[in-house]
Amino acid sequence: MGRYSRIWTVYKKELIETLRDRRTLMAMVFVPIVLYPVLMLVLVQALSSEKGRQEQREYRVVVPTETQKQWLEGVLANEDAEVIAWQKQLEALHGSDAAETANTREQLRTRLGSAQIKIAVADDPSHLWDLVRSGLFHAAVITREIEAQADAASDGNRLVQILYSDTSPLSEVVSGQLNRILSNEAERQIRTRVESLAGSLDVLTPVITSNLSTTSPDRQFAKALALIVPFLLVTMTVTGAMYPAIDLTAGERERGTLETLAVSPVPTGQIVAGKFGVIVTIAMLTTTLNLASMTAVIHYGGIGDIIAAGNAAATDLDAAAAEEALLENPAQPGSMEWLQKDHLQRRQRLEMEKAGKATFVAEAVPVVLLSMIPFAVLFGGVMLAVCSFARTFKEAQNYMMPVMMSAIVPAMVVSYMPTIELQGVLTVIPVANIVILMRELFLGNFEASTVALCLISTCFYAAAAVVTAARIYGNESVLFSDVGSYKTLLQRKFLRPATAPSASFAILLLAVLFPINFYVQSSLGDPMAGWQGLAKPVVVTQLLLFAATPIFLAWYMKLDLVNTFSLRMPKLIHLALAIVMGLAVVPVSLMMSNNVRAWFGSEQSMAQFEALAKGLEDAPVLAMILVFAVLPGICEEFAFRGFLQAGLRKSMAPLQAALVVGLVFGIYHIQVIKIPTTALLGVVLAIVCWRTRSLWPGVIVHICNNGLALVAQWLSEKRKDHRLADLYGLSDLTITPAAGITLRDSIFLAIFLGALALIWITSKPEAALQSASSSPLPAAQ
Amino acid sequence: MNATDPIVQVHELTKIFPTTEGDEKRAADGVSFNVRPGEIYGLLGPNGAGKTTTLRMIAGLLTPTSGRALLAGYDPRLDRETAKRQLGYLTASTGLYQRLTPRELLNYFGELIGMDRVARLRRIDELIEWLDMKAFSDLRCGGLSTGQKQRTNIARALMGDPPILIMDEPTLGLDVLTNRVVLDFIRAEGARGKAIILSTHYLDDAEVICNRFGLIHDGRIVGEGDLPTLREQTGNRRLSEIFLALCGESEHVLEGGEGVVR
Numbered sequence: 000m001g002r003y004s005r006i007w008t009v010y011k012k013e014l015i016e017t018l019r020d021r022r023t024l025m026a027m028v029f030v031p032i033v034l035y036p037v038l039m040l041v042l043v044q045a046l047s048s049e050k051g052r053q054e055q056r057e058y059r060v061v062v063p064t065e066t067q068k069q070w071l072e073g074v075l076a077n078e079d080a081e082v083i084a085w086q087k088q089l090e091a092l093h094g095s096d097a098a099e100t101a102n103t104r105e106q107l108r109t110r111l112g113s114a115q116i117k118i119a120v121a122d123d124p125s126h127l128w129d130l131v132r133s134g135l136f137h138a139a140v141i142t143r144e145i146e147a148q149a150d151a152a153s154d155g156n157r158l159v160q161i162l163y164s165d166t167s168p169l170s171e172v173v174s175g176q177l178n179r180i181l182s183n184e185a186e187r188q189i190r191t192r193v194e195s196l197a198g199s200l201d202v203l204t205p206v207i208t209s210n211l212s213t214t215s216p217d218r219q220f221a222k223a224l225a226l227i228v229p230f231l232l233v234t235m236t237v238t239g240a241m242y243p244a245i246d247l248t249a250g251e252r253e254r255g256t257l258e259t260l261a262v263s264p265v266p267t268g269q270i271v272a273g274k275f276g277v278i279v280t281i282a283m284l285t286t287t288l289n290l291a292s293m294t295a296v297i298h299y300g301g302i303g304d305i306i307a308a309g310n311a312a313a314t315d316l317d318a319a320a321a322e323e324a325l326l327e328n329p330a331q332p333g334s335m336e337w338l339q340k341d342h343l344q345r346r347q348r349l350e351m352e353k354a355g356k357a358t359f360v361a362e363a364v365p366v367v368l369l370s371m372i373p374f375a376v377l378f379g380g381v382m383l384a385v386c387s388f389a390r391t392f393k394e395a396q397n398y399m400m401p402v403m404m405s406a407i408v409p410a411m412v413v414s415y416m417p418t419i420e421l422q423g424v425l426t427v428i429p430v431a432n433i434v435i436l437m438r439e440l441f442l443g444n445f446e447a448s449t450v451a452l453c454l455i456s457t458c459f460y461a462a463a464a465v466v467t468a469a470r471i472y473g474n475e476s477v478l479f480s481d482v483g484s485y486k487t488l489l490q491r492k493f494l495r496p497a498t499a500p501s502a503s504f505a506i507l508l509l510a511v512l513f514p515i516n517f518y519v520q521s522s523l524g525d526p527m528a529g530w531q532g533l534a535k536p537v538v539v540t541q542l543l544l545f546a547a548t549p550i551f552l553a554w555y556m557k558l559d560l561v562n563t564f565s566l567r568m569p570k571l572i573h574l575a576l577a578i579v580m581g582l583a584v585v586p587v588s589l590m591m592s593n594n595v596r597a598w599f600g601s602e603q604s605m606a607q608f609e610a611l612a613k614g615l616e617d618a619p620v621l622a623m624i625l626v627f628a629v630l631p632g633i634c635e636e637f638a639f640r641g642f643l644q645a646g647l648r649k650s651m652a653p654l655q656a657a658l659v660v661g662l663v664f665g666i667y668h669i670q671v672i673k674i675p676t677t678a679l680l681g682v683v684l685a686i687v688c689w690r691t692r693s694l695w696p697g698v699i700v701h702i703c704n705n706g707l708a709l710v711a712q713w714l715s716e717k718r719k720d721h722r723l724a725d726l727y728g729l730s731d732l733t734i735t736p737a738a739g740i741t742l743r744d745s746i747f748l749a750i751f752l753g754a755l756a757l758i759w760i761t762s763k764p765e766a767a768l769q770s771a772s773s774s775p776l777p778a779a780q
Numbered sequence: 000m001n002a003t004d005p006i007v008q009v010h011e012l013t014k015i016f017p018t019t020e021g022d023e024k025r026a027a028d029g030v031s032f033n034v035r036p037g038e039i040y041g042l043l044g045p046n047g048a049g050k051t052t053t054l055r056m057i058a059g060l061l062t063p064t065s066g067r068a069l070l071a072g073y074d075p076r077l078d079r080e081t082a083k084r085q086l087g088y089l090t091a092s093t094g095l096y097q098r099l100t101p102r103e104l105l106n107y108f109g110e111l112i113g114m115d116r117v118a119r120l121r122r123i124d125e126l127i128e129w130l131d132m133k134a135f136s137d138l139r140c141g142g143l144s145t146g147q148k149q150r151t152n153i154a155r156a157l158m159g160d161p162p163i164l165i166m167d168e169p170t171l172g173l174d175v176l177t178n179r180v181v182l183d184f185i186r187a188e189g190a191r192g193k194a195i196i197l198s199t200h201y202l203d204d205a206e207v208i209c210n211r212f213g214l215i216h217d218g219r220i221v222g223e224g225d226l227p228t229l230r231e232q233t234g235n236r237r238l239s240e241i242f243l244a245l246c247g248e249s250e251h252v253l254e255g256g257e258g259v260v261r
């Protein structure tokens, strides 16, 4: 029976069983189809009724004297009269187009009418403060006339003080409204004053602006959705995946069926693959149902109108301002025409918007679903791996909490930061990249290559998670709870000596070190602080992360240090050949990176190199070589060619392990442009370590690679001795690198590869490591 | 392979677990025995004697610290699939999928073993007939009684008609009637030429149906052979007495009822 048909068998059975589970159905069907629309509709109802209430609500304002009350009432009456006049003018302008005028009225309605503001005179003017503070009144208005150059055409100037309370929403509303009304009043007075002085209001409108968005209405709608939908979908997908992930792993163990699966003649990997498929399926089903339900609610339930209204409001406000300005000024016939044309376009857009909402949602749903697949795949894998550790349902639920947070928090952050773009490191940061990708898909601006990188990296993380799950799932201490607790897996006194770390542990360590390294490099590095600023992060990461951590772990886990870090003495001939390789390595790696840069057309690394060189100008050469060549040469070899390679060798062929070591080594050099060169170099170093069975030849090549370029530069700049730099081709570094190989490069390459070949021929690598099961027994107690 | 050659070969199986106190616990210590086709081998011993650990190592669920077990010549750690195909495995703790019916469950395991559709359906009907499961074969397992569950479990273990059966406490917690059914079934399978390793607390039952016994105590086999041999060796008649005599000390034993070692 084929592997895939067996995975299919497992998949089929688990899916049937999951779908028969009431709890899954609850999370998958009930929530989106029933609860969700109901909640949405309740929200809509609440919002609209709240709006209605606001319109009828009375606001209590207190003033110190009767005169001030009369003045304020006069202002409110002016405001009302103006609003009514505008409405009439607008209706005359647009005819009785209901939709359009309604929309404009919507704007007007946000002003409080005089009927809503009840003004009272305080018995004792000195109590105003307390009256507002105690909540008896929503605001107090105190006015004082300022003696100024008041003339016949105008009132005098006034100082108006508004007392309000920050803790009462009603007070905030009314004080805001009063501010607005008062500034309108001020404007009216300015207009009167200007007109009496200049005879015309034209002087007030030197520039009239009118804004019209070129974005199609459906995209505008998408923008509103793009902010909330990814977050909702991420939450839904994670919730959907959670229950089956727990049930198919920890649940199965708890019910004792795991044992029956373990004795059936099916490899664990295939069982895990089938289960993984079910988790992803359920997560996607949940997402689809949610999306469908969301679409329906948006479409029929009125949420869409609210979002669209908010959206339209943003554009309408600008247009309204322009209108206002023009309507003040009917003396200009040309501007009125322009306004009408403008208005016509706007109406067309509003009509399109109504139709657009429907088509947009229909178009977006498949795209969004597609972008959810990698996310579901990633979280399916992660949850499966995490749940595989748990022995009981409850334990698994506890483990799920951080996993859910790791999905929801990035989604939330991205939702609140609409300006983050999908570029640079973000494209490969799990979760964040998918959330941003989804938003970009919504908005319709994305590049194929970025999307591909996003998807590939996500699939890679998911694969790693599934592989980890498969490893954990079959583990005997997880299979049987009576075999010993995890404590025995972690405490040193329970650990048994081993020749090398396991492959998964080695990869795990480097995966954990990766973000720490990234963080230390970027937080400690200070190019402004001269060479010490550049040296600090290097010293910290090299010593602590790459040397101390693996060595400590190797000791803690009772690993064979000599074997793990290949600390054997190499043969003399290999040392000699390593020195030859080291002498030739600088032009070779320079040639490679030049070609890579030419290929990608990047100048970035060049600029950085120069910045580095500048920072290092005044550095003592010995310290420089120690920090940037010797330290990395030793520490990185310990971590990569030592710990990682020894671990990988346990479950991989030597060359395969060398390739992975190189790849990881490359990825650690963060900048994309550096990855190909460092990865290739990493592979070569791994091969050298494997063939010579010693770390030291690689250390020599590594130190030479980092150090000789520095030496050459130092010689040519400080000692004016350009021979080494010329020899290595460092003198003719250009900003735009040329592709291809020069004669000098090919000679060095030949020397480099020749020495490598000689190492290969003259070495006899150890026999393949024996599998763990037949390794010799440690001595009995 | 000759019919009288052992089909299960257990050689010096040892399993050492680290304990939380920092010591090592030898759950099994050099356990060796052979089982021939048609033989019902009783692996008996008190709680914590190492029976389950030994059986799990034989089934390939645990990796032995040293020694090895061969099932029809295959090592379950090296030729996982071939070795496991020889094996039907049943313990008191093995569970059923609550939301599948016995029929679906059997079909699933048949598919995993790699049986084709026709063979599966025939075998399922056969097992339902034999184990008298007709009444509940289309109900969900979650709602079955303990006895019905155990019958389904037995059917599951026998689905691929494997030549070797490992049964760890198959009658634990069963009523008298189902107990009878299970024992009869074990006997019948033995008569059909299967090699069966049976581990149980119920010494009376074991005395009746097993051909040969391995008595295990503190991870070590302290006595092995058929009933006459063991009687001769210890001078006792009943299996429980023989057991006490061989274990030497009685501190672990005989707290429960007659003939039950706990």
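As they're listed, the protein sequences go chains S and X.
Quick note on numbering that gives the first Met the number 0: the first sequence kicks off at 0 and runs consecutively.
Quick note on numbering that gives the first Met the number 0: the second sequence kicks off at 0 and runs consecutively.
Each residue gets a CB set at the ideal place from its N, CA and C atoms; glycine is no exception.
This structure is a prediction, so every number in the text was calculated from the model and none was measured.
Asked: Collapsed DSSP secondary structure at I15 (chain S) in the structure displayed; Found: helix
Asked: Residues, ordered as in the chain, of the region 245-263 of chain S that lie near chain X by beta-carbon distance below 7 Å; Found: R254, G255, T256, E258, T259, A261, V262 and S263
Asked: Residue interval of the alpha helix (DSSP H) (run including E57 (chain S)); Found: First-last for E57 (chain S): undefined, no H or E at that position.
Asked: For P620 (chain S), the nearest candidate out of S:L662, S:L658, S:L162 and S:G706 (CA to CA); Found: According to the sequence as given, residue 620 (chain S) is Val; it is not Pro. For V620 (chain S), the nearest C-alpha among the options comes from S:G706.
Asked: C-beta contact flag for L104 (chain X) and N152 (chain X) at 7 Å; Found: no
Asked: Helix, strand or coil at K649 (chain S) [DSSP, three-state]; Found: coil
Asked: Same chain only: Cβ atoms within 8 Å of L71 (chain S), ignoring 5 sequence neighbours per side; Found: V60, V62, I118, V140 and T142
Asked: Inter-residue CB distance, P161 (chain X) and G87 (chain X) (contact presumed, cutoff 8 Å); Found: 4 Å
Asked: Assigned exposure category for V181 (chain X) - 16 Cβ within 10 Å defines buried; Found: buried
Asked: DSSP-derived helix/strand/coil call for I372 (chain S); Found: helix
Asked: Interface partners of E16 (chain S) on chain X, CB under 7 Å; Found: Y96, R98 and L99
Asked: Chain-order list of residues whose beta-carbon lies under 6 Å from that of D129 (chain S) (same chain, five-residue window excluded); Found: none
Asked: Chain S contact for T93 (chain X) (CB, 7 Å cutoff); Found: yes
Asked: Distance CB(S174 (chain S))-CB(A138 (chain S)) smaller than 7 Å; Found: yes
Asked: CB contact below 7 Å: K14 (chain X) versus chain S; Found: no
Asked: Residues that L238 (chain X) contacts on chain S, provided the C-beta gap is smaller than 9 Å; Found: The premise fails here: L238 (chain X) is roughly 27 Å from chain S at the closest Cβ pair, so nothing lies under 9 Å.
Asked: For T178 (chain S), three-class secondary structure by DSSP; Found: At residue 178 (chain S) the sequence reads Asn, which differs from the Thr that was named. Three-state DSSP puts N178 (chain S) in a helix.
Asked: Test item: CB-CB of S405 (chain S) and T248 (chain S) under 7 Å; Found: no
Asked: Span of the alpha helix (DSSP H) around Q232 (chain X); Found: L226 to T233
Asked: Backbone CA spacing between A547 (chain S) and V561 (chain S) [nearest angstrom]; Found: 16 Å
Asked: Whole runs of the alpha helix (DSSP H) within the region 169-212 of chain X, excluding any shorter than 4 residues; Found: 175-190 and 202-208
Asked: Min CB distance L70 (chain X) to chain S below 7 Å; Found: no
Asked: Listed by chain order, chain X residues near T8 (chain S) by CB distance under 9 Å; Found: Y107, E110 and L111
Asked: Residues near F275 (chain S) by beta carbon distance below 8 Å, same chain, minus five either side; Found: G379, G380, L383, V465 and A468
Asked: Cutoff 7 Å; reference L582 (chain S); Cβ partners in own chain excluding five residues on either side; Found: C703
Asked: Secondary structure of P17 (chain X), DSSP reduced to three states; Found: strand
Asked: Any C-beta of chain S under 7 Å from that of L173 (chain X); Found: no
Asked: Per-residue contacts from K271 (chain X) into chain S (C-beta, under 8 Å); Found: This structure does not reach residue 271 (chain X), given that chain X is present from 0 up to 261, and the question cannot be answered.
Asked: G44 (chain X) burial status per 10 Å Cβ neighbour count (16 or more: buried); Found: buried
Asked: C-alpha distance - L260 (chain S) paired with L157 (chain X), whole-angstrom precision; Found: 14 Å
Asked: Residues bridged to V120 (chain S) (per DSSP); Found: S:V62
Asked: Where G134 (chain S) sits in the DSSP three-state scheme; Found: coil
Asked: Best match in X:R67, X:L12, X:K133 and X:G47 for proximity to D217 (chain X) [C-alpha to C-alpha]; Found: X:G47
Asked: C-alpha distance - V430 (chain S) paired with E13 (chain S), whole-angstrom precision; Found: 27 Å
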